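Beneath this line is the structure, given in structure tokens, with notes to follow.
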Amino acid sequence: MAYNVKLEKFEGPMELLLELINKEKLDITELSLSKVTDEFLEHIRNNENIHLEHLADFLTVAARLILIKSKAILPMLKFSEEEEEEIKDLTYQLAEYKKFKEASLKLGAMAEERHICYSREGFIGVAPVFYPPEDLNAYDLKKYFLSVLSEIPIVERLEEEIVSEVITLEERINDLETMLREKVQSSFSSLVEKAKDKVDVIISFLAMLEMVKQRIIMVDQKELFEEIQLSMKNQ
Amino acid sequence: MDQEKLKSIIESILFISGEPVEIARIVKVAGVENEEVEQALLILQEEYSHGRGLTIIRKEDSAQMTTSAENADIISELVKSGIQDGLSKAALETLSIVAYRGPISRVSMEAIRGVNCSFTLRALLLRGLLERMDDPNGGRSYLYKISFDFLKKMGLERIESLPDYETLSQDSRIESVLEG
Amino acid sequence: MDQEKLKSIIESILFISGEPVEIARIVKVAGVENEEVEQALLILQEEYSHGRGLTIIRKEDSAQMTTSAENADIISELVKSGIQDGLSKAALETLSIVAYRGPISRVSMEAIRGVNCSFTLRALLLRGLLERMDDPNGGRSYLYKISFDFLKKMGLERIESLPDYETLSQDSRIESVLEG
Chain A
-6 MAYNVKLEKF EGPMELLLEL INKEKLDITE LSLSKVTDEF LEHIRNNENI HLEHLADFLT
54 VAARLILIKS KAILPMLKFS EEEEEEIKDL TYQLAEYKKF KEASLKLGAM AEERHICYSR
114 EGFIGVAPVF YPPEDLNAYD LKKYFLSVLS EIPIVERLEE EIVSEVITLE ERINDLETML
174 REKVQSSFSS LVEKAKDKVD VIISFLAMLE MVKQRIIMVD QKELFEEIQL SMKNQ
Chain B
16 MDQEKLKSII ESILFISGEP VEIARIVKVA GVENEEVEQA LLILQEEYSH GRGLTIIRKE
76 DSAQMTTSAE NADIISELVK SGIQDGLSKA ALETLSIVAY RGPISRVSME AIRGVNCSFT
136 LRALLLRGLL ERMDDPNGGR SYLYKISFDF LKKMGLERIE SLPDYETLSQ DSRIESVLEG
Chain C
16 MDQEKLKSII ESILFISGEP VEIARIVKVA GVENEEVEQA LLILQEEYSH GRGLTIIRKE
76 DSAQMTTSAE NADIISELVK SGIQDGLSKA ALETLSIVAY RGPISRVSME AIRGVNCSFT
136 LRALLLRGLL ERMDDPNGGR SYLYKISFDF LKKMGLERIE SLPDYETLSQ DSRIESVLEG
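These protein sequence lines are chains A, B and C, in that order. My numbering puts the first residue of the first sequence at -6, with every later residue one more than the last. My numbering puts the first residue of the second sequence at 16, with every later residue one more than the last. My numbering puts the first residue of the third sequence at 16, with every later residue one more than the last.
See below:
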């Protein structure tokens, strides 16, 4: 799969997604998102150096893209209301993000021009007037210092949160995969025997769905919403 | 009070304070009505906006006197100011969302950027380009808004002078929900 | 250089400096002739001499922008008005950090609070609750500590008499932000 975007360039999943869509000169629609899903997943797989703090964010978007792509390829699949909502949200979010990405470029250009307004230090030469608050004592100072201490973010705790978030998301993607598999029965497992990781499985699965769509593999479905049997066309 | 006198008082107050001054404070010190101060400030801002070396920045309920943006090159050589430092891509994205949509919560910001923003927010707060306030809807969360230092850095007299402010400050979905 | 532009530059320079500025310095910064600066200054002085809140005074080879004499009362009123009986939460937090961690630099304080503190520090200095001293590690920065008067007011002989000073001043959470 050919793409030439480097991770360092991207601040987050929305930026990557926007770049992929812009590169294909597409508008922001569900269909466009489904078209760039593979590239997006490839990106996650190939960039082992995604920062832990950003991985969860990339996976969230990946999960939504997988929904969108499966919907585009197999319109007969039924999605829950919640899943439909997630799909709509992503299109909206990307459109919003695009506006602010563009605005941020303009702001960046403005900052570059360095047309800065400088302020002066206040009350130069004005002598301080000693005016202590009447009711403040040493114990109040202790109380406020304790509250300052409790507000200090603890870095390790943040990281733990992110790790558990990533695990939840991996489960989520795993569930998605299972869900799709159940809906479309096939000898899918043989396709993914050599899969390196979950993202790999997902990509293979989406690839298979794509083949269905392009009629490279046969689809046999007795009735709407019944199991679909897949077989290679040349078998 | 005579309007010319009030303008003179406002000039003195803004000059000596250096920092942003709340309109309420000017009202109190000058012993006049809020309206009168607003009116006088508008006139002063207008007077200072044409080829002068000083300018008056307005944000919410405060005003600050600064050097004018046109003289930035010359003044930057005289002052050592962190306000001149560059901004990262993440910082610019975050700032633009806060500038057009603030006061805004971290959660809403992340819903747009799709990325955890806590580190960027912390850095921007430290640099004084953002301010935070308690969320009036309660909880221990904050709302973020831009600061006077942000306006100074961009050379803006007011937030509404940002490009496309009218359109970008509106969230189409919120509007449609309200209408619907 | 256009005289209007030069006047504008002089306004900016005098404003930002606050102190008397040597004419020679203006000449150098603006890159013009001595004569031109003298001429522009005369015009500015004249413009500022009628009912304005600012004035430009000449002393030997220097010029200075200050508030005009007729607003002197207003300025002392302003200083008084900044002093409310209570302190804001930001002020109390800042005060407590200086108490337990002082003498401390503004940068360290901001790393601990996670927000820009310059405004709060200035207010506490003006109110005589804090003192600042030059940072022995050099630079143009200062270290802040609780003023002697305020210590006395709280009935403390030395800062170490604060409750749990030994443990709280060494808290590891603070060390972790300051190292980072």
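Where is the CB? At the ideal position from N, CA and C, for every residue including glycine. Since the model is a prediction, treat every value here as computed from it, not as a measurement.
State yes or no: is the C-beta of residue i within less than 8 Å of the C-beta of residue j?
| i | j | result |
| --- | --- | --- |
| residue 137 of chain B | residue 97 of chain B | no |
| residue 150 of chain C | residue 120 of chain C | yes |
| residue 90 of chain B | residue 27 of chain C | yes |
| residue 87 of chain B | residue 29 of chain B | no |
| residue 115 of chain B | residue 56 of chain B | no |
| residue 87 of chain A | residue 76 of chain A | no |
| residue 84 of chain C | residue 192 of chain C | no |
| residue 14 of chain A | residue 167 of chain B | no |
| residue 235 of chain A | residue 91 of chain A | Because chain A is modelled from -6 through 228, residue 235 of chain A falls outside the range shown and cannot be assessed. |
| residue 93 of chain C | residue 131 of chain A | no |
| residue 108 of chain B | residue 93 of chain A | yes |
| residue 144 of chain B | residue 104 of chain A | no |
| residue 72 of chain B | residue 163 of chain B | yes |
| residue 53 of chain B | residue 21 of chain B | no |
For residue i, is the classification buried or exposed, using 16 other Cβ atoms within 10 angstroms of its Cβ as the cut-off for buried?
| i | result |
| --- | --- |
| residue 53 of chain A | buried |
| residue 122 of chain A | exposed |
| residue 182 of chain C | exposed |
| residue 153 of chain C | exposed |
| residue 120 of chain A | exposed |
| residue 117 of chain A | exposed |
| residue 111 of chain B | buried |
| residue 48 of chain A | buried |
| residue 32 of chain C | buried |
| residue 106 of chain A | exposed |
| residue 3 of chain A | buried |
| residue 80 of chain C | buried |
| residue 155 of chain C | exposed |
| residue 16 of chain A | exposed |
| residue 62 of chain A | buried |
| residue 173 of chain C | exposed |
| residue 64 of chain C | exposed |
Rounded to a whole number of angstroms, what is the C-alpha to C-alpha distance between residue i and residue j?
| i | j | result |
| --- | --- | --- |
| residue 67 of chain C | residue 133 of chain A | 45 Å |
| residue 130 of chain B | residue 82 of chain C | 48 Å |
| residue 74 of chain B | residue 159 of chain B | 14 Å |
| residue 69 of chain B | residue 135 of chain A | 43 Å |
| residue 117 of chain C | residue 134 of chain B | 27 Å |
| residue 147 of chain C | residue 157 of chain C | 6 Å |
| residue 19 of chain A | residue 28 of chain A | 9 Å |
| residue 47 of chain C | residue 39 of chain C | 10 Å |
| residue 80 of chain A | residue 18 of chain B | 58 Å |
| residue 84 of chain A | residue 71 of chain A | 19 Å |
| residue 9 of chain A | residue 58 of chain A | 13 Å |
| residue 36 of chain B | residue 105 of chain C | 17 Å |
| residue 189 of chain C | residue 161 of chain B | 27 Å |
| residue 50 of chain A | residue 5 of chain A | 7 Å |
| residue 30 of chain A | residue 7 of chain A | 12 Å |
| residue 39 of chain A | residue 22 of chain A | 26 Å |
| residue 59 of chain C | residue 95 of chain B | 27 Å |
| residue 25 of chain C | residue 44 of chain C | 10 Å |
| residue 111 of chain A | residue 99 of chain B | 10 Å |
Where does residue i sit, in a helix, a strand or coil, going by DSSP?
| i | result |
| --- | --- |
| residue 64 of chain C | coil |
| residue 78 of chain B | strand |
| residue 22 of chain C | helix |
| residue 22 of chain A | coil |
| residue 72 of chain B | strand |
| residue 173 of chain B | coil |
| residue 119 of chain C | strand |
| residue 147 of chain C | strand |
| residue 135 of chain A | helix |
| residue 95 of chain B | coil |
| residue 71 of chain A | coil |
| residue 158 of chain B | strand |
| residue 47 of chain C | coil |
Starting from residue i, find everything on chain F with Cβ-Cβ shorter than 9 Å and list it in chain order.
| i | result |
| --- | --- |
| residue 40 of chain B | Of the chains in the structure shown, none is chain F; the protein chains are A, B and C. |
Members of the region 93 to 109 of chain A that neighbour chain B once the beta carbon cut-off is set at 7 Å: When CB distances to chain B are screened at a threshold of 7 Å, the residues of the region 93 to 109 of chain A falling below it are 93, 94, 96, 97, 99, 100, 101, 103, 104, 107, 108 and 109, in chain order.
Positions along the region 112 to 139 of chain B whose CB lies within less than 7 Å of some CB in chain C: Listed in sequence order: 137.
Residues in the region 93 to 106 of chain B having any Cβ partner in chain A nearer than 8 Å: Within the region 93 to 106 of chain B, the residues whose Cβ lies closer than 8 Å to any Cβ of chain A are, in chain order, 94, 96, 98, 99, 101, 102, 104 and 105.
Residues in the region 4 to 19 of chain A having any Cβ partner in chain B nearer than 7 Å: Answer set for the region 4 to 19 of chain A: 4, 5, 6 and 7.
Interface positions of the region 62 to 81 of chain C facing chain B (Cβ-Cβ less than 7 Å), listed along the chain: Taking 7 Å as the Cβ-Cβ cut-off against chain B, the residues of the region 62 to 81 of chain C that qualify are 66, 67, 68 and 69.
Residues of the region 121 to 144 of chain A with Cβ closer than 7 Å to any Cβ of chain B, in chain order: Cβ contacts with chain B: none found.
Chain-ordered residues of the region 154 to 185 of chain C with a beta carbon less than 7 Å from chain A: So the list reads 164, 165, 168, 169, 171, 177, 178, 179 and 183, given in the order they occur along the chain.
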